[in-house]
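Asker: Chains as they are written, first to last, in our numbering: chain A, 1304 to 1432; chain B, 1304 to 1432. Backbone N, C-alpha and C fix where the C-beta goes; we use that ideal spot for every residue, glycine too.
1. So with CB distances below 9 Å, who are the chain B contacts of residue 1324 of chain A?
2. Where does residue 1249 of chain B land, buried or exposed, given buried means 16+ other C-beta within 10 angstroms?
3. In terms of residues, what are the limits of the beta strand (DSSP E) holding residue 1380 of chain B?
4. Grouping DSSP H, G and I as helix and E and B as strand, with all else coil, what is residue 1415 of chain A?
5. For residue 1320 of chain A, is the classification buried or exposed, using 16 other Cβ atoms within 10 angstroms of its Cβ as the cut-off for buried?
6. Among residues of its own chain, excluding the 5 on either side of residue 1395 of chain A, which ones have a beta-carbon nearer than 8 Å to its beta-carbon?
7. Here's a check: name, in chain order, each residue in its chain whose Cβ is nearer than 6 Å to the Cβ of residue 1328 of chain A, leaving out the five neighbours to either side.
8. What is the rounded straight-line gap between the Cα of residue 1408 of chain B and the Cα of residue 1348 of chain B?
9. Considering only the beta carbon of each residue, do residue 1360 of chain A and residue 1405 of chain A sit closer than 8 Å?
10. Give the single residue among B:1358, B:1393 and B:1401 whose Cα lies nearest to the Cα of residue 1345 of chain B.
11. Jot down the residue ranges of each uninterrupted alpha helix (DSSP H) in the stretch 1309–1381 of chain B, minimum 4 residues, whole runs only, in chain order.
12. Start and end of the beta strand (DSSP E) containing residue 1430 of chain A?
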């Protein structure tokens, strides 16, 4: 018998602070993780093009986001043998599954923006500054 | 003609940094937003019970998260007329819709944890420290 936990029988629980699923949830739903994954559903991106697509992200934050997503097996980074060398990012099959789910969330949210704006106005009206 | 943008005809775009949907996406997918919304699918929670459920969140961060979710119309905060007064949090219909979508994401992610762990191990093996 091994003292190592058996991954097949362990139940992942995002509510448990030490669980891998919690850390991965944070990276796919982090400020930039969602936008990078949803953008990559549109096809392969080079770094600078992706940075333009994800309006407002800094070079450093995008690099860090992509690195985490690559490590988690969501994003594939390919160095193309061109001169000069180009680096292209695509979704892995796992990343595509997660990105589809995130896209559904984004679509739902975008369709509900008028309700959100209304709620914000009502909230602020009740609490005059 | 009004100079105010017409909410019905404006298209929400999470990729645009100034869009309300971007800010709301950040709050529902923030580090604690996802977990609070998914927890509240289980039913009404009082603050301290919710804090125990969302393992690892500080009092300050949970209060801030709930306040943003309340302002966005996702969470309803009710002060119960008990002695001492109790405060209970529930999902609004809008919050329930978003939370269902987040729950689907969490379920997908939890089921893929073995793949994530494998990807992380392969990534780390390629890059010895």
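Answerer: Inspection of the coordinates gives the following:
1. Against the first chain, residue 1324 of chain A aligns to sequence position 21. Ordered by position in chain B, the residues that pass the 9 Å Cβ test against residue 1324 of chain A are 1409, 1412, 1413, 1415, 1416 and 1419.
2. Residue numbering for chain B in the displayed model covers 1304 to 1432; residue 1249 of chain B lies beyond these limits and cannot be assessed.
3. Numbered from its first residue, the second chain carries residue 1380 of chain B at position 77. Per DSSP, residue 1380 of chain B belongs to the beta strand (DSSP E) from 1378–1383.
4. In the first chain, counting from the first residue as 1, residue 1415 of chain A sits at position 112. The answer is coil: DSSP assigns residue 1415 of chain A none of H, G, I, E or B.
5. As a first step, residue 1320 of chain A is located in the first chain; it is residue number 17 there, counting from the start. By the 10 Å Cβ count, residue 1320 of chain A comes out exposed.
6. Residue numbering aside, residue 1395 of chain A sits at position 92 when the first chain is read from its first letter. Taken in chain order, the residues that qualify are 1376, 1377, 1378 and 1379.
7. Residue numbering aside, residue 1328 of chain A sits at position 25 when the first chain is read from its first letter. Excluding positions up to five away in sequence, the list reads 1317.
8. For the purposes of this step, residue 1408 of chain B is taken as the residue at position 105 of the second chain. For the purposes of this step, residue 1348 of chain B is taken as the residue at position 45 of the second chain. Between residue 1408 of chain B and residue 1348 of chain B, the C-alpha separation is close to 22 Å.
9. As a first step, residue 1360 of chain A is located in the first chain; it is residue number 57 there, counting from the start. As a first step, residue 1405 of chain A is located in the first chain; it is residue number 102 there, counting from the start. No; because the gap between Cβ atoms is not below 8 Å, this pair is not in contact.
10. Within the second chain, numbered from 1, the residue matching residue 1345 of chain B stands at position 42. Among B:1358, B:1393 and B:1401, the Cα nearest to that of residue 1345 of chain B is on B:1393.
11. 1323–1331, 1336–1343, 1350–1356 and 1362–1374
12. Within the first chain, numbered from 1, the residue matching residue 1430 of chain A stands at position 127. Residue 1430 of chain A -> no beta strand (DSSP E), and no H or E assigned at all.
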